[in-house]
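Following: one structure in structure tokens, then a few remarks.
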């Protein structure tokens, strides 16, 4: 939307703060239900999609760096998958480790595989019990209504593993699972929250970015980019809500929808203040991770029998995804540095991270070609002043039982 038009917009029916997946879908639902409703979406960044941002490198034709969230999980996340189907998006599935070279995967992914029957039994027993407990967690009702909610909320995932696991293998595998799904250490997560999250897991599919671009194009005349909101206030007679942006531009609406991640809420001043329960939301931690993209002229890993998604217990990268067809003329390895490793590497330079990542790939794939990417980039969304963190919001112990 042009600056001239932005200045002319004063009063609308609904203002949506945030042009990520949630904000854009909310705007689309409202406009489809009533074509006459006036909806305005205010986005702090210069692009829609929030953490699904895509960068292009002019030095390499058709080379795109998907620096943010690019994957969703199917099965229990049927709504977003159905939405993708409704708008005609092509969905590419990412294979799990079993589709790669079994011998090589076993050699490097010690935390995910074991030939010891006791370790395998321990893990299966642990997961069966977790799924059984998760069955008592309500999908839509408040989590505090779950059976034994306070007991589950008193312990972290790490404490639960220490109590229930007989083998170090199961403890390590549970730790890797939490890092993979939440970009966070299991010691930072409530077991009650983890049980709820079990209902929304399994494989990955890259569609979030496409959904944002689709609705961004469809709603382009209702979106104002580069407009960070600083203040939300009810007017004196409580009939309207006044939203003030950093540029001092003001908009009014009957309703405001805030579609932001929890830490981003702390950037906005609400008057009157949010209810006491909501005031705790900005304090909820989010995932810490680097998304590292290494480009190569040829997919050398194919010769080694690797494809899809892999995981390793070496460092710094934990999770590895190899992609080719969708990324144009180059082939890429996407790696994720999460949790404590991400914090450790945050004080290193990009060159140091690239060297460490390439060295790990060279060992993982047993190939010297990994040392020589034609391009490398990494992104940590914790450094973004608006996003202020990675993909999920995670609840630590005793938050839900006290404030849920």
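In the UniProt record's numbering, the protein residues as written are 1 to 404.
All C-beta atoms, glycine included, are put in the ideal place defined by N, C-alpha and C.
When secondary structure is reduced to three states using DSSP, residue 145 falls in the helix class. Excluding residues up to 5 positions away in sequence, 138 lie with their Cβ nearer than 7 Å to the Cβ of residue 145 in the same chain. Between residue 156 and residue 186, the beta carbon gap of about 7 Å places them in contact (Cβ cut-off 8 Å). Secondary structure of residue 315 (DSSP, three-state): coil.
Less than 9 Å divides the Cβ of residue 259 from the Cβ of residue 17.
The secondary-structure analysis by DSSP pairs residue 245 across a beta bridge with 229.
With a contact defined as Cβ atoms closer than 8 Å, residue 251 and residue 40 qualify at about 6 Å. The C-alpha of residue 121 lies about 20 Å from the C-alpha of residue 134.
Within its own chain, the residues whose Cβ lies closer than 6 Å to the Cβ of residue 38, once the five positions on either side in sequence are excluded, are 12 and 13, listed in chain order. Of the other Cβ atoms in all chains shown, 16 or more fall within 10 Å of the Cβ of residue 45; this residue is therefore buried. Shown here, residue 292 sits in a strand according to DSSP, grouped into three states. With respect to the C-alpha of residue 337, the residue from 160, 331, 314 and 128 having the closest C-alpha is 314. Between the region 295–312 and the region 366–386, the count of C-beta pairs closer than 8 Å reaches three or more; the two stretches touch.
Just measuring C-alpha positions, the residue of 148, 214, 288 and 232 sitting nearest residue 179 is 288.
By the 16-neighbour rule on beta-carbons within 10 angstroms, residue 136 is exposed.
Contact between residue 19 and residue 48 holds: CB atoms are separated by about 4 Å, below the 8 Å threshold. If you look at residue 251, you'll find it in the beta strand (DSSP E) that goes 250–253. Rounded to the nearest angstrom, the gap between the Cα atoms of residue 246 and residue 265 is 15 Å. Relative to the Cα of residue 372, the nearest Cα in the group 320, 355, 195 and 257 belongs to 355. Here residue 181 is buried: its Cβ has 16 or more other Cβ atoms, across all protein chains shown, within 10 Å.
Under the three-state reduction of DSSP, residue 335 is assigned to strand.
Across the set 43, 22 and 29, the C-alpha of 43 shows the shortest separation from the C-alpha of residue 228. Assignment of beta-bridge partners to residue 257 by DSSP yields 16. Considering only 119, 297, 219 and 21, the residue with the shortest C-alpha distance to residue 35 is 219. Around the Cβ of residue 385, a 10 Å sphere holds fewer than 16 other Cβ atoms; the residue is exposed. Looking at 188, 217, 270 and 153, the one whose alpha-carbon comes closest to that of residue 196 is 153.
Only exposed fits residue 115, as fewer than 16 other CB atoms lie within 10 angstroms of its CB. For residue 346, the secondary structure class from DSSP, reduced to helix, strand or coil, is coil. Going by C-alpha positions, residue 166 is about 52 Å away from residue 226. For residue 332, the closest alpha carbon among the candidates 306, 295, 244 and 310 is that of 295. If you look at residue 379, you'll find it in the beta strand (DSSP E) that goes 375–380. Looking at the DSSP output, residue 264 shares a beta bridge with no other residue.
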